[in-house]
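In the UniProt record's numbering, the protein residues as written are 1 to 703.
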């Protein structure tokens, strides 16, 4: 059954326990458990006889997932997916775990045994089970509470920023970048923190180290096997220290955040290498994760059939190469290279290809990658060029030709499963990726793609009657967009990531309609999720009797926790609207998380970053001028090309009837100087002297 009243009623009527399985479309072990246990006739009969079985997609229902994951982590010390939880008929958890093999092994009890033992317990000791589940729930309520503790002021920003920097610095891998030995996740939240730390400490050794840590990590990731060198985009994480052997699924939320963070790396360094990675990510998303109506799909699976005649899927089959396959595809002699050199020789050297395969067997427990190669750029173009007596420019052209040829060959293979679910939150992250890339790289096409996706959200994932966001929609038959019979209402993360996207899109496009919608959604978010007693936002709205806990996430992970992003959103909303109570709300969120921010800010790097933005006050950069005028465009290009983490951009174009003039009356007093486009740097609506020189503006933005 899906999560819903029908299943709950049936459990109560038949006095049966509920077995809840939570997973997601691209989860490898979810599919393994499905094949081994849920499709087994014998195990299926046990499940149906003793339990009401419910299956939940955690991406559709993060609220359900979070409640029961909190339980599994608290009682077993670990967690993950598939998550397997047993509940009483009134939905209280009492036993749980993750993946279970079907039968008992040397080290693990099998799923069949667990089912029979739990069924027996329910029969023999029902009252004890019910009592235990109630105790567990009370303990969870107590331990998972995030609220303001007496003192109502935000924590000191310097202390929070310095502690977070030191904690990241200690966990940093000096050789390969990243912040653990293995597995290694991209974690854009860490890199965004380091960029902000650098911006506030540019002239200090700590600032220089923060920048070096972030840029080195981004370079190593881009060279690694976690980056798809043939099909573009990034896989979810690396199983090893070297960013070499990934878990091959590709998630939309990674592409969106990485496009934004590589755009910032380009702004800061001016290195085209980072701009090329941005283009690579956005090419992948435009081609493979885009719905024709404008939305973005959620993910591509890790597993696929190696050939059209294969009977069994293998992880990474779509992406890996045998050495002889590459030799056959790249046999051409290379002009100007040392005699006898083929395209295959050059390509295989550069990307670390070995005749027997280049995957460490310890990173391939199921022997799915034996004899295969995962491409990883082992050398700089200069070194590879020198090795074969070529010019670097010539080598780049050769590698590009090889990549195109391999891309065509790969297109003949069976593709991995595509999860065509479209989620408001993840679409928000991807809109931010396109909008920020469009602004930083001065690529109008990216801004247009962001606007197309935002229009898709307004059409398909927004209810104009209630003014509320919806969580998800789906690609239906004939490529139409479908909604489920009972639409899932948006969660806090949907509002937060969409509002952030709309602010980013306004700054990239200057279309005030996006700003207006963002402020409407911020009001709605406050109404649905704000905790007036303990401060900060709940992840879910009140009133759903099937949710036993209203939680506040307290950890930035693969995605930032919504309250972390909400702080900056509220500060931006205050700057664009003049509603200063939004700035006060931002401070209250920081106060609610104060203890955690002071002790272990490494668990909340995005919120730690926001403490600095809160303390330093956002600069309102106002450009007075015709948005189509050359001088205005030059100033806008300057603002967008400089990394300044504590600014908002707006254009006062003289349209006194416009939305911004209505929100911010002080704009009417700002005017062009000598008929030229003029910039003002304002703080709390008090403005600097007018600036007409791009050089002077650049200097002021860098302060």
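We put the CB at the ideal spot given by N, CA and C, even for glycine.
Quick caveat, the model's predicted, so the values are computed rather than measured.
Judged by beta-carbon spacing, residue 24 lies beyond the 9 Å limit of residue 302, meaning their Cβ atoms are not closer than that value. Annotation: the continuous beta strand (DSSP E) that includes residue 620 extends over 619-624. Beta bridge pairing from DSSP links residue 95 with 86. A straight line joining the alpha-carbon of residue 563 with that of residue 85 spans about 27 Å. Per the C-alpha coordinates, the member of 288, 241 and 261 positioned closest to residue 276 is 261. Contact between the region 361-373 and the region 306-324 is present, with at least three C-beta pairs closer than 8 Å. For residue 227, the secondary structure class from DSSP, reduced to helix, strand or coil, is strand.
If you draw a straight line from the Cα of residue 142 to the Cα of residue 538, it is about 15 Å long. In this structure, the CA atom of residue 500 is about 11 Å from the CA atom of residue 435. Looking at the DSSP output, residue 482 sits in a beta bridge with 474. Residue state for residue 155 is assigned as coil, using DSSP reduced to three classes. Per DSSP, the beta-bridge partners of residue 687 are 682. In the pairwise beta carbon analysis, the region 554-568 is classified as not touching the region 108-118: fewer than three pairs are separated by under 8 Å.
Here residue 243 carries a coil assignment [DSSP, helix/strand/coil]. Under the rule that a run must span 4 or more residues, the alpha helix (DSSP H) segments found entirely inside the region 571-623 read 581-592, 594-599 and 605-616.
DSSP places residue 198 within a helical segment (H, G or I) once states are collapsed to three. Classified as buried, residue 475 has 16 or more neighbouring CB atoms from the shown chains inside 10 Å of its CB. Secondary structure within the region 114-170: the alpha helix (DSSP H) runs of 4 or more consecutive residues, fully enclosed, are 126-143 (chain order). Residue 651 is bridged by DSSP to 623. Under the 8 Å Cβ criterion, the region 179-186 does not count as touching the region 610-625, having fewer than three qualifying pairs. Using a C-beta cut-off of 8 Å, the region 54-65 makes contact with the region 20-37, since at least three inter-stretch Cβ pairs fall below that distance.
Each of 520, 439, 510 and 441 was checked against the Cα of residue 458, and the nearest Cα belongs to 520. Three or more beta-carbon pairs separated by less than 8 Å link the region 445-459 to the region 508-515, which places the two stretches in contact. Counting along the chain, residue 66 sits inside the alpha helix (DSSP H) bounded by residues 62-76.
Within the DSSP secondary-structure output, residue 468 pairs in a beta bridge with 463. Around the C-beta of residue 335, fewer than 16 other C-beta atoms lie within 10 Å, and the residue is accordingly described as exposed. The C-alpha of residue 238 is placed about 36 Å away from the C-alpha of residue 639.
When the five nearest sequence neighbours on each side are left out, the beta carbons in the same chain lying within less than 8 Å of the beta carbon of residue 553 are those of 66, 539, 561, 562 and 563, in order along the chain.
With respect to the 9 Å criterion, residue 280 and residue 232 are classified as neighbours on the basis of their beta carbons. Within the model, the alpha-carbon separation for residue 229 versus residue 637 is close to 31 Å.
Residues of the same chain with a CB within less than 8 Å of the CB of residue 69, apart from the 5 flanking positions on each side, are 22, 79 and 83 in chain order. Within the region 272-336, the alpha helix (DSSP H) runs of at least 4 residues that lie entirely inside it are, in chain order, 272-288 and 323-329.
Following the DSSP letters along the chain, one finds residue 441 inside the alpha helix (DSSP H) bounded by residues 424-441.
In this chain, residue 359 is not harboured by any alpha helix (DSSP H), its DSSP state being neither H nor E. According to the DSSP assignment, residue 268 belongs to the alpha helix (DSSP H) that extends over 252-269.
The three-state reading of DSSP puts residue 554 in coil, since its state is none of H, G, I, E or B.
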